[in-house]
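Read through the structure below, which is laid out as structure tokens, and then see the notes.
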Amino acid sequence: MGSKTMKPLLAVVFDLIVTVFCAPAFAQEHEEHSGQAAETHQTEVLDPGKIIVEHVTDAHDWHFFTIGHHHYSIPLPVIIYNRSTGKLEVFSSSKFHHGEETHNGYKLLTFESIAELKKEGANVTGLMNQQIVAVDAEGKPDASVKLLDLSMTKNVVQMLLSMVLLIIIMTSVAKKYRQQGVQAPSGLQGAIEPVITFVRDEVAKPNLGHKYQRYLPLLLTVFFFILINNLMGLIPGSANVTGNIALTGVLALISFIIILLSTNRHFWGHVFWFPGVPVPVKFIMMPVELMGIITKPFALMIRLFANMVAGHVIILSFIILIFIFGAMSKALGLGTSPVFVALAVFIYAIEVLVAFIQAFIFTNLTAVFIGQSFEHGDHNEHH
40 MGSKTMKPLL AVVFDLIVTV FCAPAFAQEH EEHSGQAAET HQTEVLDPGK
90 IIVEHVTDAH DWHFFTIGHH HYSIPLPVII YNRSTGKLEV FSSSKFHHGE
140 ETHNGYKLLT FESIAELKKE GANVTGLMNQ QIVAVDAEGK PDASVKLLDL
190 SMTKNVVQML LSMVLLIIIM TSVAKKYRQQ GVQAPSGLQG AIEPVITFVR
240 DEVAKPNLGH KYQRYLPLLL TVFFFILINN LMGLIPGSAN VTGNIALTGV
290 LALISFIIIL LSTNRHFWGH VFWFPGVPVP VKFIMMPVEL MGIITKPFAL
340 MIRLFANMVA GHVIILSFII LIFIFGAMSK ALGLGTSPVF VALAVFIYAI
390 EVLVAFIQAF IFTNLTAVFI GQSFEHGDHN EHH
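Residue numbering for the sequence shown follows my numbering, starting at 40 and increasing by one per position.
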């Protein structure tokens with residue numbers, strides 16, 4: 040099945056466009072036949088792993104689509120701090136020409152460039168797709184030069200856009216409350232108010248008791264920030280920000296710091312000297328309780344990351360099956376494409392629901408862990 044036949048199929052489903060956008064899906068292989076005039080033949084080779092990884096990982100440009108060898112994208116600022124020279128360099132990612140050229144001694148690595156370096160015998164251990172490295176005069180990575188990449192990548196830009204959107208939504212809702220007073224909410228205010236009430240009554244109050252008002256701004260910010268990023272990640276051509284483990288790790292770290300700041304002496308007493316058990320058992324319980332404290336933010340990080348990546352991977356897998364069957368038989372590819380497209384659309388609909396569920400789960404677990412950090416103290420105070 041030719042690339043021109045497959046590209047319209049990709050445009051049907053939300054992430055299918057991005058599959059073609061990331062990079063050309065096929066590699067060209069030229070062969071010369073002995074005993075005949077030199078002829079060039081093109082062999083289409085599909086790499087599912089490469090397509091999926093390019094889609095779920097970050098990038099230094101906002102790539103829309105590729106036609107032939109022409110890439111249509113919005114370049115993003117590259118900010119590199121060279122630790123070896125102490126220089127800070129800022130330029131556009133378009134200088135790299137999608138990893139095909141070097142600029143000022145730097146190169147943007149892609150799967151293709153890493154494969155070429157490997158063929159040339161260069162050490163590619165630890166090198167990743169979309170990584171910027173310093174190169175020598177021969178264009179090979181120079182491991183002696185240490186770089187700090189502070190670039191505005193696709194994930195960073197989309198995260199900033201979601202923050203601006205969150206501020207605009209909340210300030211507009213607050214403005215309506217000031218103008219309307221006790222009048223019934225309408226428009227955007229009517230859509231946001233039930234969600235705020237739900238977080239307050241079903242998440243904050245049951246888990247935090249009379250202290251819920253202290254933590255309600257945090258819980259609402261976390262909930263709406265995750266929800267907006269989850270929904271924006273479902274837009275064709277956008278970045279799956281919450282599918283980046285760095286972001287989920289920072290969110291989990293923030294929750295972990297709040298949990299530790301909310302603890303009291305009764306909490307740490309249950310950790311280091313568990314009451315009501317024999318002394319030998321106390322020494323056994325101590326590392327177990329400490330491990331439990333560490334695993335809480337780790338569970339928050341992995342749960343959100345894994346769920347938001349899984350849906351994108353499943354959708355891409357269904358569409359890639361069309362390519363695989365099409366490589367075996369054009370009729371088979373065309374015949375099975377409606378089934379796989381329907382499955383991809385079904386998973387996409389589920390992903391909309393998952394976007395809300397994962398925002399709720401992260402917020403609810405954060406409230407649960409915060410409540411556990413001071414519940415023993417409240418219990419003793421009541422007694």
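Heads up, the beta-carbon is just placed ideally off N, CA and C, and yes, glycines get one too.
query	result
Sort Ser-277, Ile-235, Ala-388, Ile-359 by Cα distance to Thr-402 and report the nearest one.	Ile-235
Looking at the secondary structure, which residues open and close the alpha helix (DSSP H) in which Asn-246 lies?	244-247
Among residues of its own chain, excluding the 5 on either side of Val-352, which ones have a beta-carbon nearer than 8 Å to its beta-carbon?	Ile-91, Val-95
Measure the CB-CB distance between Thr-192 and Gln-169 and report whether it falls below 9 Å.	yes
Within the chosen definition, does the stretch 341-349 reach the stretch 276-284 through at least 3 CB pairs nearer than 8 Å?	yes
Can the beta-carbon of Ile-113 be found closer than 9 Å to that of Phe-103?	yes
Taking the alpha-carbon positions, what's the Glu-177 to Ile-361 distance?	41 Å
Restricting to runs no shorter than 3 residues, where is the beta strand (DSSP E) found entirely within the stretch 81-114?	100-106, 109-114
Among the candidates Met-367, Ile-396, Thr-287, Phe-295, whose CA atom is the shortest distance from the CA of Thr-406?	Contrary to the premise, residue 406 reads as Ala rather than Thr in this sequence. Cα-wise, what sits closest to Ala-406 is Phe-295.
Looking only at its chain, what residues have a beta carbon closer than 7 Å to the beta carbon of Asp-181, apart from the 5 residues adjacent to it on each side?	Ala-173, Val-174, Asp-175
So Asn-268 is in the alpha helix (DSSP H); what residue range does that whole segment cover?	251-271
Who are the Cβ neighbours of His-137 in its own chain at under 6 Å, not counting the five residues just before and after it?	His-110
Of the choices Leu-147, Ser-123, Ser-225, whose alpha-carbon is the least far from that of Ser-131?	Leu-147
Determine contact between the stretch 389-400 and the stretch 262-278, defined as no fewer than three beta-carbon pairs at a distance below 8 Å.	yes
Sorry if obvious, but does the Cβ on Asn-279 come closer than 8 Å to a heavy atom of the ligand COA?	This structure does not include the ligand COA; it has no bound ligands of any sort.
Go ahead and label Gly-88 buried or exposed: buried means 16 or more other beta carbons lie within 10 angstroms of its beta carbon, across all protein chains shown.	exposed
Please report the distance separating the alpha-carbon of Leu-227 from that of Lys-335.	35 Å
Using only the alpha-carbon positions, how far apart do Gln-218 and Met-202 sit?	24 Å
Which value, in whole angstroms, describes the spacing of the CA atoms of Arg-304 and Met-209?	37 Å
Please state whether DSSP places Lys-185 in a helix, a strand or coil.	coil
Which residues in the same chain as Ala-243 place their Cβ atom closer than 7 Å to its Cβ, once the five residues preceding and following it in sequence are excluded?	Tyr-251, Tyr-254, Leu-255, Leu-258, Ala-406
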